[in-house]
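Sequential numbering of the sequence shown, starting at 679, is according to our numbering. Where is the CB? At the ideal position from N, CA and C, for every residue including glycine. I have placed the structure first, in the form of C-alpha cells, so that the comments after it can refer back to it.
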Amino acid sequence: MVLEGRKSRLLIVDDEPTVRDILARALGGNGYECVQAADVSAAVTQLKSGTIDLVLSDIMMPDRSGIDLLGEVMSWWPDTGVIMLTAVADTSTAVHAMRLGAHDYIMKPFNLEEVQLSVERALEKRELVLSNREHREFLEQKVEEQTAQIRETSLGAIQALVEALEAKDTYTNGHSRRVTEVTVTLAREMGLGEDEVGRIRLAGLLHDIGKIGVPEEILHKPGKLSGGEFEQIKRHSVIGEKILKPVIKDEEILAMVRYHHERYGGSGYPEGIAGDAIPLGARLMAVADAYDAMTSNRPYRKALSPGEAHSQLLENRGIQFDPEAVDLFIRCEKKLPYCPMSANPARKPDKLAS
C-alpha cells in the first residue's frame, strides 16, 4: 500500500531472525518497506527514528513482551497499527491484545497470504481513521473560522452601535473611546501583558452598550433622576453583558462590562461586590469612567474642573475606587490621553491607541 506518496513502512519485531527475515521478504516483495527489531527496546528505537505505519510483533519475547510493546505504541504512537504474532493458541491473550488496541493477531506458523490480508486490512483501517480525523479537523477549522468571522462582524456592528448611541448625545460623544484609552494606559503603566490589555480595550469600548436598553428620556433627562429612573440606569451593565454574551466568549471581558459600576467598598451595582472581587480591569475602568464623566458637561450639571475631579477621586479612594487605581491615575495623570491636566489634552478621540 502507498501512503502519502510513499511505501507503507512496517516494523517486524521478533526475537527469531528467521521469522523476521521470512516476513520481511514476503511483505517487501508485495511493495512494503520493512525494518526489523529483535526486542522491545530495539523496536522503540525504530519507532522513535521515523514514521512506522504498522508493527507486527511477537507476543512472547525475552525481557519484555509484545503486550508491553503494544502499550508503548498505544501511548506514544497511537496512529501506528499493531498486529500481534503468537505461537501459543491462547485465545485470552489474543483478546486481551485486541482490547488494548491491536488490529489483529496471527498464529504461527504463518500462512503468508493470511499475513498479507491482515496487513492490508490494518493499513486500510489506519488510513480510514486518519482520513476521517483530517476531514473532521478540517470541518472544525472551517466552523471556527466562520464563527470567528461572525463574531468579528457582530462585534463591529455592536461597536458601531455604541458609537451611534453616543453620537446622538453631545454630552457623551466619544466617552467610550476616551475611557478605553485612559484605562489601557493605566493597564500598561501597571505592567499588564498585552493579552490582558487587549481584553481591557475591548471591554472599555463596549462597556456602555447596555444603555441601548435604557429609554432615551432617562439617559438625556436634564434634572435629577427619580429612584425608579436610576434603577433603570443601573440595569445597563447587566443588559450590556447579555448583549455581548452570544459573540464574546471571554468571561473576563464580560465580567468587566458587568461590574464596571461596582464600588470598591461594596456599595455599587449590580451585585454589590467589593475589593479584589471586582475584576482589575473594571476597577481601573471605574476611575477612568468617573473622571471622564466628571470632567464632561452633562444635561443635569456642568463639567467639574480637573482639580475638582481630582479631589473627588481622592475623597472616594477606598470607598468608590480602588486605592491603587486612584494612586496610579494621579501618579501618571500628565501621561493620560484626554485628561485636561495631561500634556496633550486636545487630542481628538478618533483612533484608539494601540
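Residue environment, Pro-957, which counts as buried when at least 16 other CB atoms sit within 10 Å
Within the sequence shown, numbered from 1, the residue matching residue 957 stands at position 279. Flag for Pro-957 reads buried.
Beta-carbon proximity of Ile-1039 to Leu-689, cut-off 8 Å:
Not covered by the structure: residue 1039. The range shown for the chain is 679 to 1032.
Residue range of the unbroken beta strand (DSSP E) whose run includes Glu-1037:
It is not possible to answer for residue 1037, since the shown part of the chain is limited to 679 through 1032.
What's the C-alpha gap between Arg-687 and Val-713?
Counted from its first residue, the sequence shown places residue 687 at position 9. Counted from its first residue, the sequence shown places residue 713 at position 35. Cα to Cα, Arg-687 sits roughly 8 Å from Val-713.
Which two residues bound the contiguous beta strand (DSSP E) that contains Asp-736?
Here residue 736 refers to the residue found at position 58 when the sequence shown is read from its first residue. Per DSSP, Asp-736 belongs to the beta strand (DSSP E) from 732-736.
Between Gly-725 and Asp-736, what straight-line distance do the alpha-carbon atoms span, to the nearest angstrom?
Counting from one through the sequence shown, the residue named residue 725 turns up at place 47. Counting from one through the sequence shown, the residue named residue 736 turns up at place 58. For clarity, residue 725 is Leu in the given sequence; the question names Gly instead. Leu-725 and Asp-736: Cα-Cα distance of roughly 16 Å.
Quick check: what's the CA-CA separation for Trp-754 versus Asp-928?
Counted from its first residue, the sequence shown places residue 754 at position 76. Counted from its first residue, the sequence shown places residue 928 at position 250. Spanning the two alpha carbons is a distance of roughly 33 Å.
Element boundaries [alpha helix (DSSP H), containing Val-697]:
Taking the first residue of the sequence shown as position 1, residue 697 is located at position 19. Where Val-697 is concerned, the enclosing alpha helix (DSSP H) starts and stops at 695-706.
Please check the pair Lys-889 and His-853, which I expect to be a contact at CB under 8 Å, by giving their CB distance rounded to whole angstroms.
Taking the sequence shown and counting its residues from 1, the one referred to as residue 889 is at position 211. Taking the sequence shown and counting its residues from 1, the one referred to as residue 853 is at position 175. So it is not a contact: roughly 10 Å between Cβ atoms.
Exposed or buried, what is Tyr-978 when buried is set at 16 or more other beta-carbons lying within 10 Å of its beta-carbon?
Locating residue 978 in the sequence shown gives position 300, where the first residue counts as 1. By the neighbour-count definition (other C-beta atoms within 10 Å, threshold 16), Tyr-978 is an exposed residue.
Residue span of the alpha helix (DSSP H) that contains Leu-1081, given as start and end:
The first residue shown for the chain is 679 and the last is 1032, placing residue 1081 beyond what the model contains.
So Ala-960 and Ala-987 are in contact, right, with Cβ under 8 Å, and what is the actual spacing, rounded?
Here residue 960 corresponds to residue number 282 of the sequence shown, with the count starting at 1. Here residue 987 corresponds to residue number 309 of the sequence shown, with the count starting at 1. Actually they do not touch by this definition, with Cβ atoms about 20 Å apart.
Just the Cα atoms here: how many angstroms apart are Glu-867 and Leu-1014?
Taking the first residue of the sequence shown as 1, we reach residue 867 at position 189. Taking the first residue of the sequence shown as 1, we reach residue 1014 at position 336. Their Cα atoms are separated by approximately 10 Å.
Taking buried to mean at least 16 other C-beta atoms within 10 Å of its own C-beta, is Ala-1021 buried or exposed?
Counting from 1 along the sequence shown, the entry for residue 1021 is found at position 343. Summary for Ala-1021: the model assigns pLDDT 40, below 50, so the residue's position carries little reliability; its value from the coordinates is reported in the next sentence. Burial call: exposed.
Using alpha carbons as the reference points, say which of Glu-1002, Glu-919, Ser-727, Asp-692 lies closest to His-939.
Looking up residue 939 in the sequence shown gives position 261. Answer by Cα proximity: Glu-919.
Hey, could you find the ends of the beta strand (DSSP E) Thr-759 is sitting in?
As a first step, residue 759 is located in the sequence shown; it is residue number 81 there, counting from the start. It should be noted that the sequence gives Gly, not Thr, for residue 759. Start and end: 759-764.
For Pro-740 versus Asp-717, is the C-beta distance shorter than 8 Å?
The residue labelled residue 740 in the question sits at position 62 within the sequence shown. The residue labelled residue 717 in the question sits at position 39 within the sequence shown. Pro-740 places its beta carbon less than 8 Å from that of Asp-717.
Let me know the secondary structure DSSP gives Lys-899 once reduced to three states.
Counting from one through the sequence shown, the residue named residue 899 turns up at place 221. Three-state DSSP puts Lys-899 in coil, outside helix and strand.
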